[in-house]
Amino acid sequence: MRAQQVGEKQQQQTLDIRALTRTLFERLAELPPDSPEHERVRAALIEVNLPLVRYAAARFRGRNEPMEDIVQVGTVGLINAIDRFDPERGVQFPTYALPTILGEIKRYFRDNVRTMHVPRRLQELWLQVSSAAEELTVTHGRAPRVPEIAASLRIPEEEVRACLDAGRAYNAASLEAASEGGDGGPALVDRLGYEDSALTHVEHRDMVRHLLVQLPERERRIVLLRFFGNLTQSQISHELGMSQMHVSRLLSRIFAQLRNTNVWDGN
404 MRAQQVGEKQ QQQTLDIRAL TRTLFERLAE LPPDSPEHER VRAALIEVNL
454 PLVRYAAARF RGRNEPMEDI VQVGTVGLIN AIDRFDPERG VQFPTYALPT
504 ILGEIKRYFR DNVRTMHVPR RLQELWLQVS SAAEELTVTH GRAPRVPEIA
554 ASLRIPEEEV RACLDAGRAY NAASLEAASE GGDGGPALVD RLGYEDSALT
604 HVEHRDMVRH LLVQLPERER RIVLLRFFGN LTQSQISHEL GMSQMHVSRL
654 LSRIFAQLRN TNVWDGN
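Shown next, in the form of C-alpha cells:
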C-alpha cells in the first residue's frame, strides 16, 4: 500500500508539472522577449522542469563523471528546448525536451570524456543522426524508429544502428575489475549471465511509454495507474469513479491500439 501511495503521488506530481508548464508557456508567449517578466517566467520553466534533467542524467550513472556535472550539461539542453519549443505544434513539452537534453549530455561525453576510439566518420554521422532523431520526435510525438531515421537521412539502416552503438561507447572496463562500490563484491566477469527477473517486463513497459503520448487523457491515466501505479482494475474503477467492466473494456481497446500501432520494432 505504501508503494502504491508513493506511485500515485509521483504520478500526480508529473501531471501537475505538465499543467504548470503549459500555463507558463502560455504566459511566456504573451510577454515581450526582452522584458523582466519574460525572464522570470522563463526561469520558472527551467526550475519546474529540472526533474526531467535529473531523469535524463540518471541514464548516465556509472560513467565516472560527477552527477552534478551531467545535470549541469543537461540543464543547458533543457534551456535550449525551452527557447525552441512551440506549444502550437501540439507536442507535450517533455516529449520535445527529452531528446534535446539527452543529445546535449551525449555530446558532452563524446567531446570531453570518451576514452574509447570511435572513427571520425561515425562521430560526424552521429551528429546528423542525433539531430534527425530530435526533429522526428517533435514531428511524430514519439521516439523515432531506426528505419525512419535512415529514411530521413537517406542512409542505410545499418549505418544508423552503428551510430547509435557508437554513441553509447564511452569507456572500456576490465572484466576483472572489482565492483564499483569497492565493497568486495564480485567482479563483472563473475556477474555476467545474471538474469534479472524484472527484464521480462521491460519490453512491455517500453511499448506502454511510447503509446502514452498517443492516448486521450482518461486512457493515459488508466494506463499509468495500471502499469506504473500497479493498481488492479477494481482499484482503478474506484479511483476514477467508473465500473470495473468499463475499465476492462478501455484496457482491451488500448491493448488493441498498441498492437495496431506497432510501436516496438526491436531496434
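In terms of my numbering, the sequence shown opens at residue 404 and continues consecutively.
The beta carbon of each residue, even a glycine, is placed where N, CA and C say it ideally should be.
Tell me the rounded alpha-carbon separation between residue i and residue j.
| i | j | result |
| --- | --- | --- |
| ILE558 | THR503 | 22 Å |
| VAL650 | ARG421 | 25 Å |
| GLU620 | ARG524 | 44 Å |
| ASN452 | THR540 | 19 Å |
| GLU429 | VAL532 | 31 Å |
| ARG564 | MET648 | 44 Å |
| THR498 | SER637 | 31 Å |
| ASN574 | ALA460 | With a pLDDT of only 49 at ASN574, under the threshold of 50, the placement of this residue in the model should not be trusted; the figure read from the coordinates follows. Their Cα atoms are separated by approximately 17 Å. |
| SER640 | LEU627 | 13 Å |
| ARG656 | ARG443 | 43 Å |
| ILE482 | GLU471 | 17 Å |
| CYS566 | GLY644 | 48 Å |
| GLU622 | GLU411 | 16 Å |
| PRO436 | GLU450 | 19 Å |
| ASP568 | SER438 | 44 Å |
| ASP419 | GLN413 | 10 Å |
By the 10 Å Cβ neighbour count, where 16 or more other Cβ atoms means buried, how is residue i classified, buried or exposed?
| i | result |
| --- | --- |
| PRO547 | buried |
| SER646 | exposed |
| ARG368 | The requested residue 368 does not occur in the structure, where the chain is confined to residues 404 to 670. |
| ILE658 | The question names Ile, yet the displayed sequence has Phe at residue 658. Exposed is the call here. |
| GLU468 | buried |
| GLU537 | buried |
| SER632 | Note that residue 632 corresponds to Gly in the displayed sequence, not to Ser. With 16 or more other Cβ atoms within 10 Å, it is buried. |
Could you tell me how far apart the beta carbons of residue i and residue j are, in whole angstroms, since I believe they sit closer than 8 Å?
| i | j | result |
| --- | --- | --- |
| LEU634 | GLU642 | 7 Å |
| GLU562 | LEU530 | Not a contact, Cβ separation roughly 13 Å. |
| PHE463 | ILE473 | 5 Å |
Please name the residue in the options whose C-alpha comes closest to that of residue i.
| i | options | result |
| --- | --- | --- |
| PRO490 | THR424, ASP568 and GLU620 | THR424 |
| ARG545 | ALA500, GLY480, GLN415 and VAL479 | ALA500 |
| GLN415 | ILE625, ARG445, PHE488 and GLY644 | ILE625 |
| ARG445 | ARG457, VAL456, LEU427 and GLN660 | LEU427 |
| ILE485 | VAL456, ALA461 and GLU622 | VAL456 |
| GLN495 | GLN660, ARG656, VAL474 and THR417 | THR417 |
| ARG466 | GLN413, ARG513 and SER438 | ARG513 |
| GLY493 | GLN617, PRO454 and ARG623 | GLN617 |
Excluding five sequence neighbours on each side, which residues of the same chain lie with their C-beta closer than 7 Å to the C-beta of residue i?
| i | result |
| --- | --- |
| GLU440 | LEU434 |
| VAL476 | GLU507, ILE508 and TYR511 |
| GLU560 | VAL549, PRO550 and ALA553 |
| VAL479 | GLU507 |
| ARG652 | none |
Only counting the same chain, and skipping five residues up and downstream in sequence, which positions put a Cβ closer than 6 Å to that of residue i?
| i | result |
| --- | --- |
| ALA535 | ILE552, SER555 and LEU556 |
| LEU431 | VAL444 |
| LEU505 | ALA459 |
| PRO454 | none |
Which same chain residues, not among the five before or five after residue i, have their C-beta less than 8 Å away from its C-beta?
| i | result |
| --- | --- |
| HIS543 | GLU551 |
| LEU448 | THR424, LEU427, PHE428, LEU431 and ILE485 |
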